[in-house]
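Chemist:
Chains as they are written, first to last, in my numbering: chain G, 624 to 1225; chain W, 26 to 281.
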């Protein structure tokens, strides 16, 4: 237990106190009070998160909740554990939620203080999930996050698409939850503990057997459903399109990667496969992530609706992160952390820009917006900057992450991953830049029966709070300059090294003598000439892709799309029956994959 | 064949094939795990000892409200989130008239009268159920009982008032504003008890109140306090959910 471990519960308690306070009628009846309480709570959480991140650099901080530390090396209670990666993720999430609350204060949130309450609960749950050193506690906070997500989306009652999207998400996500809980239950029944570290110590390394492999497969599959890997992404894409812009930004920026973090944490600590690229979970992440990145990238380029484009873009970038974790090396984890750090603020910033467009024009269909860019030059400039950042133009965080990731992939001998990474990034970048081209040139967009999404049409307003512009500008610029800040690469590499140091984690949680510190990976070198050239090329390719897509696709009937793309779009029916059928198919493949290739089964 | 029935068939085909494949994995895995049990493990013994050490002969309460009180907080939060979420979804929108009386059925149809037997039985059960709710609240740390069950019983008592045909009476006992306060206070109270543990003993949710004598009504320290707070939280949250749904008219008035 290191110095500062006592701060860990505050990361959950403070947002909860904020939520409880907002619920008191005296507070939520006043106009400004919910904003003030929410911003104060989230900002305080961010500050404490930053302190914890710094303190955790000396070794994992462990807080035994209820003072129930291990007895004779056996875990009795629940530990909160913060290594720099978990604490950094907590800080990032809290900072983005603070930005969302500031945006609420400018825009006015729905439903009195209720949206504030649910968003504060979402933050508490996310932080609890990130810190939990216990499988069941992870599940509890994951479900709490789920409930707030459906409720916030369903509460957008003026949009006819919101309720069905929330219900579809609730149904598919609950199936994922059942898989996670059943898997955790089976692991608990077999190993006698839901504690991550103790499970890792108890899982016999040589033979899992079919039963344990099934339990592991169910937990990983359930978390993959929450992360939205193909074919579990359907409900996520609809939900991100239908929910408020602020929450669509949060979901894409931090909540999807959060479920991936869960898989990686379990893989490293409980399953001990963190450095084994041949482990079944690593291979599933690698293949699933690469497929997700490309499929969602193509879907993103096909969209005529700004929010839906960004929804698929989030799924695609999540796929890149998953593929990176599938490389199962500390270097790759460092690259993924850098990638998420660069992606999160840019994605929230782009969604807030979409909110500004909706506020000014009442539309997000590119056909309706075509040619109007001259009236909002700042939006066009920021959208273009965001699109170039998504494509991975230097010096954006996404560029640095991808450069580090391709280095790690080459080290691991998985050369095929590199072109996939770049292709996906260019597709999502081109998708955003295509909208910029339409905004500027006014080129027409052919009517597209597939592209119909129900929309809210608020009355367009001329008055516009200044925060609608400066907040997304700050976020996007932050995502672009993050790798330029001194020490970013070194800290990320050190954090990834500690994330992979399974022995240190287990020793800290179970009160054993700390082992010798494992050496972390070197800081990734992302400023090499060839990396810079490739990044530059990706940016140029995205611009050209955007131009070509706008010119060529804009004029053609949608029927002229290739048959595979048409079929792909045809699968996205928004029918919950289709979504659960594909979910079952994906679960069957993933669970069997783990069972068949799990250690001891062969 | 229409496009619709083609869709249904495709869906069923995908689901049937993959469901069968997934089911086989489940069966194979469960058969493999069948003999496993953790009941006799070292850890299980430790858990029971630790729970009893907190002066709670009900080991389940000891686990729920002390050893794993953080999980219980998360579960109470799920109810809190559900009631807040439902209020958000069903809130009155500007220009949307809300009736203050429940609608008397669809237009042109009368509501069948509640039978006197149901009314009498419901009324007769109200007080015993309420008393039982209080009893269960204060028995959680001694024998069977605890917060969540007690909250559900309290709601049942008020549901019986409703069933006896007294919608107004039920609303009188449980007005929305007070329920909001109760929810906020019980959730905030849980967190504050946790923070008290952090300040006094250095760990969140530590049992810092006097433990008392085993089997006494006032014993087990924070286990009783937390169980009591969860009873309030669960009761208020479920009641708010019930009230929100009752108030929702079958059809909205047209906005003026």
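Backbone N, C-alpha and C fix where the C-beta goes; we use that ideal spot for every residue, glycine too.
Given the structure is predicted, the values throughout are model-derived calculations rather than measurements.
Suppose the cutoff is 7 angstroms on Cβ atoms and the five residues either side in sequence are ignored; what does the same chain contact list for residue 125/W look like?
Modeler: Position 100 of the second chain, counting from 1, holds the residue named residue 125/W. Model confidence at residue 125/W stands at a pLDDT of 49, short of 50, so the residue's coordinates are unreliable; what they give is reported in the following sentence. Excluding positions up to five away in sequence, the list is empty.
Chemist: Assuming residue 891/G and residue 1123/G make a contact with CB atoms under 8 angstroms, what is their CB distance in whole Å?
Modeler: As a first step, residue 891/G is located in the first chain; it is residue number 268 there, counting from the start. As a first step, residue 1123/G is located in the first chain; it is residue number 500 there, counting from the start. At roughly 6 angstroms, the Cβ-Cβ gap stays under 8 angstroms, so residue 891/G and residue 1123/G are in contact.
Chemist: With a threshold of 7 angstroms between beta-carbons, can residue 673/G be considered close to chain W, or not?
Modeler: The residue you call residue 673/G lines up with position 50 of the first chain. No, no contact with chain W.
Chemist: Out of 230/W, 150/W, 160/W and 156/W, state which residue places its alpha-carbon closest to the alpha-carbon of residue 633/G.
Modeler: Along the first chain, read from residue 1 onward, the residue named residue 633/G stands at position 10. If we check each option's Cα against that of residue 633/G, 230/W comes out closest.
Chemist: Can you pull the chain W residues whose beta carbon is under 9 angstroms from the beta carbon of residue 738/G, in chain order?
Modeler: Locating residue 738/G in the first chain gives position 115, where the first residue counts as 1. Near residue 738/G (Cβ distances below 9 angstroms), the residues of chain W are 113.
Chemist: Using 7 angstroms as the limit for Cβ to Cβ distance, is residue 770/G near chain W?
Modeler: Taking the first residue of the first chain as position 1, residue 770/G is located at position 147. Residue 770/G counts as touching chain W.
Chemist: What does DSSP give as the partner residue(s) for residue 1063/G in the beta ladder?
Modeler: Walking along the first chain from the start, residue 1063/G turns up at place 440. Note: residue 1063/G sits in no beta bridge, so no partner.
Chemist: Please state whether the Cβ-Cβ distance between residue 1173/G and residue 1057/G is less than 7 angstroms.
Modeler: Along the first chain, one-based indexing puts residue 1173/G at 550. Along the first chain, one-based indexing puts residue 1057/G at 434. Yes, Cβ-Cβ distance for residue 1173/G and residue 1057/G is below 7 angstroms.
Chemist: Return no unless some Cβ of chain W is closer than 7 angstroms to the Cβ of residue 778/G.
Modeler: By 1-based counting over the first chain, the position of residue 778/G is 155. Yes, its Cβ sits closer than 7 angstroms to a Cβ of chain W.
Chemist: At which residue ranges does the stretch 976–1041 of chain G contain complete alpha helix (DSSP H) runs of 4 or more residues, listed in the order of the chain?
Modeler: Within the stretch 976–1041 of chain G, the complete alpha helix (DSSP H) runs of at least 4 residues are 989–992, 1000–1014 and 1020–1034.
Chemist: Is residue 712/G helix, strand or coil by DSSP?
Modeler: Here residue 712/G is taken as the residue at index 89 of the first chain, counted from 1. Correct three-state label for residue 712/G: helix.
Chemist: Just to confirm before moving on: does the CB-CB distance between residue 975/G and residue 949/G stay below 7 angstroms?
Modeler: Within the first chain, the letter at position 352 stands for residue 975/G. Within the first chain, the letter at position 326 stands for residue 949/G. Not closer than 7 angstroms, so no.
Chemist: In the DSSP assignment, what residue or residues form a beta bridge with residue 757/G?
Modeler: Here residue 757/G refers to the residue found at position 134 when the first chain is read from its first residue. In the DSSP output, where bridge partners are listed per residue, residue 757/G has 818/G.
Chemist: Give the straight-line distance between the Cα atoms of residue 836/G and residue 1221/G, rounded to the nearest whole angstrom.
Modeler: The residue you call residue 836/G lines up with position 213 of the first chain. The residue you call residue 1221/G lines up with position 598 of the first chain. Rounded to the nearest angstrom, the two C-alpha atoms are 6 angstroms apart.
Chemist: Please list the partners that residue 597/G has in chain W, where partner means a Cβ-to-Cβ separation under 7 angstroms.
Modeler: Since the first residue shown for chain G is 624 and the last is 1225, residue 597/G is missing from the structure and cannot be characterised.
Chemist: Between residue 223/W and the rest of its own chain, which residues show a CB-CB distance below 7 angstroms, the 5 nearest in sequence each way excluded?
Modeler: Counted from its first residue, the second chain places residue 223/W at position 198. Excluding sequence neighbours, residue 223/W sits near 229.
Chemist: For the 8 angstroms Cβ check, are there 3 or more pairs between the stretch 681–701 of chain G and the stretch 845–861 of chain G?
Modeler: Output reads no: the stretch 845–861 of chain G does not touch the stretch 681–701 of chain G.
Chemist: In terms of alpha-carbon separation, which member of 921/G, 1036/G and 1067/G lies closest to residue 1187/G?
Modeler: Your numbering for residue 1187/G matches position 564 in the first chain. For residue 1187/G, the nearest C-alpha among the options comes from 921/G.
Chemist: Is residue 725/G near residue 57/W, with beta carbons less than 7 angstroms apart?
Modeler: Sequence index remark: in the first chain, residue 725/G carries index 102 (1-based). Sequence index remark: in the second chain, residue 57/W carries index 32 (1-based). Not a contact, by the Cβ cut-off of 7 angstroms.
Chemist: Give me the Cβ distance between residue 154/W and residue 185/W, rounded to the nearest whole Å; I'm assuming they're in contact under 8 angstroms.
Modeler: As a first step, residue 154/W must be located in the second chain, where it is residue number 129. As a first step, residue 185/W must be located in the second chain, where it is residue number 160. 6 angstroms between Cβ atoms; contact.
Chemist: Does residue 956/G pass the burial test, meaning 16 or more other C-beta atoms within 10 Å, or should it be called exposed?
Modeler: Here the question's residue 956/G lines up with position 333 in the first chain. So residue 956/G ends up on the buried side.
Chemist: How about residue 921/G: is its C-beta nearer than 7 angstroms to some C-beta of chain W?
Modeler: The sequence position of residue 921/G within the first chain is 298, counting from 1. It does not: the Cβ of residue 921/G has no partner Cβ on chain W nearer than 7 angstroms.
Chemist: Keeping to the same chain, check which residues put their C-beta closer than 6 angstroms to that of residue 708/G; ignore five residues upstream and five downstream.
Modeler: Position 85 of the first chain holds residue 708/G. So the qualifying residues of the chain are 1118 and 1122.
Chemist: Might you give, ordered along the chain, the residues of its own chain that have their beta carbon closer than 6 angstroms to the beta carbon of residue 657/G, omitting 5 neighbours on each side?
Modeler: The residue you call residue 657/G lines up with position 34 of the first chain. Excluding positions up to five away in sequence, the list reads 645, 651, 736 and 739.
Chemist: Mapping the DSSP letters down to three states, classify residue 686/G as helix, strand or coil.
Modeler: Stepping through the first chain from its first residue, residue 686/G is reached at position 63. Strand, per DSSP.
Chemist: Determine the chain A residues that contact residue 67/W at a beta-carbon separation under 9 angstroms, and present them in chain order.
Modeler: Here chain A cannot be found, since the structure's protein chains are G and W.
Chemist: Please confirm whether any heavy atom of the ligand PLP lies closer than 6 angstroms to the CB of residue 1011/G.
Modeler: Ligands in the displayed structure: none, and consequently the ligand PLP is not present.
Chemist: If we define contact as Cβ-Cβ less than 7 angstroms, is residue 177/W a contact residue for chain G?
Modeler: Within the second chain, numbered from 1, the residue matching residue 177/W stands at position 152. No, no contact with chain G.
Chemist: Residues of chain W with a CB under 7 angstroms from the CB of residue 1149/G: which are they?
Modeler: Working through the first chain from its first residue, we reach residue 1149/G at position 526. Those do not exist, as residue 1149/G stays about 39 angstroms from chain W at its closest Cβ, beyond 7 angstroms.
Chemist: Is it true that the CB of residue 638/G sits closer than 7 angstroms to the CB of residue 668/G?
Modeler: The residue given as residue 668/G occupies position 45 in the first chain. The residue given as residue 638/G occupies position 15 in the first chain. For residue 668/G and residue 638/G, yes; Cβs fall inside 7 angstroms.
Chemist: Indicate the three-state DSSP secondary structure (helix, strand or coil) for residue 1094/G in the structure shown.
Modeler: In the first chain, the residue the question calls residue 1094/G occupies position 471. Helix, per DSSP.
Chemist: With distances taken Cα to Cα, identify the nearest neighbour of residue 118/W among 672/G, 745/G, 747/G and 782/G.
Modeler: The residue given as residue 118/W occupies position 93 in the second chain. Taking only the C-alpha atoms, the option nearest residue 118/W is 782/G.
Chemist: Residue 281/W to residue 733/G, Cα distance in whole Å?
Modeler: Counting from 1 along the second chain, the entry for residue 281/W is found at position 256. Counting from 1 along the first chain, the entry for residue 733/G is found at position 110. No answer about residue 281/W holds up, because its pLDDT of 43 lies below 50 and its placement is not dependable.
Chemist: Residue 1206/G to residue 1051/G, Cα distance in whole Å?
Modeler: The residue you call residue 1206/G lines up with position 583 of the first chain. The residue you call residue 1051/G lines up with position 428 of the first chain. Approximately 24 angstroms between the Cα atoms of the pair.
Chemist: Ignore the nearest five residues each way along the sequence and tell me which others in residue 773/G's own chain have a CB closer than 7 angstroms to its CB.
Modeler: Your numbering for residue 773/G matches position 150 in the first chain. Within the same chain, residue 773/G has close Cβ partners 789, 792 and 793.
Chemist: Would you list the one or two residues that DSSP bridges to residue 968/G?
Modeler: To locate residue 968/G, count along the first chain from 1; it is residue 345. Answer by DSSP bridge pairing: none, since residue 968/G is not bridged.
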